[in-house]
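Comments concern the structure below.
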Ligand code: AMP
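Residue numbers (the numbering used here): 0 to 209.
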């Protein structure tokens, strides 16, 4: 099954993608995580993306399209994949269609802007594996330490308040039109983001019939 997770930054795409990845045993591909990894390794692509990312802006389409094109050719994608954070613009969605990739379902997690601001400003991520946590609602077992890989939990630069507002504005302008795009393709599944991760997961599973 090939799935796209859609929704504003902080809607819970990454968290739900991680749960789905485990349940369906297919990889999650997060362009954000790939870019952050490239940045950590000091690659040319990472350095090119840094200024956009830090400012909460979108990295140019050709960069992320190139990332996805390469990644989808890897063997672990053969039985399906979950895209988290891609596509984020209509040209990216069109490029995915042009690659001949069949998408089965697009899960759109809908959450109000004010809830998102609270969530993102309290979000912490593992600097090693990228797993997300929250200072109130999704605490690790040991403060500041990732449950999975024991990496340190940090606040992303783009999770600071002004950058969050900027990212939401960009989401409404550039990414939200994808809802109609995939609705027109008959692939859209709208899921209301709930108060707990578990409740949202149940709704995602139900929508996907898994
Ligand atoms: P994320 O971890 O998905 O919130 O992505 C973090 C940042 O990476 C975004 O704010 C963008 O700067 C960049 N990014 C990730 N995915 C994309 C994409 N599909 N298109 C453009 N920029 C992206």
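Every residue, glycine too, gets a C-beta built ideally from N, C-alpha and C.
For clarity, every value in this text was computed on a predicted model and none was experimentally measured.
Proximity of residue i and residue j at Cβ, strictly below 8 Å
i	j	result
residue 130	residue 158	no
residue 64	residue 94	yes
residue 1	residue 102	yes
residue 10	residue 115	yes
residue 173	residue 88	yes
residue 170	residue 7	yes
Three-state secondary structure (DSSP) of residue i
i	result
residue 82	strand
residue 8	coil
residue 35	helix
residue 166	helix
residue 14	helix
residue 199	helix
Any non-hydrogen atom of the ligand AMP closer than 7 Å to residue i Cβ
i	result
residue 74	no
residue 116	no
residue 55	yes
residue 51	yes
residue 157	yes
residue 91	yes
residue 34	yes
Boundaries (first-last residue) of the beta strand (DSSP E) holding residue i
i	result
residue 191	187–191
residue 178	Looking at the DSSP string, residue 178 is not in any beta strand (DSSP E); the run it does join, the alpha helix (DSSP H), is 176–183.
N- and C-terminal bounds of the alpha helix (DSSP H) containing residue i
i	result
residue 106	It is not in any alpha helix (DSSP H) - residue 106 instead sits in the beta strand (DSSP E) that spans 104–109.
residue 120	112–120
residue 90	89–97
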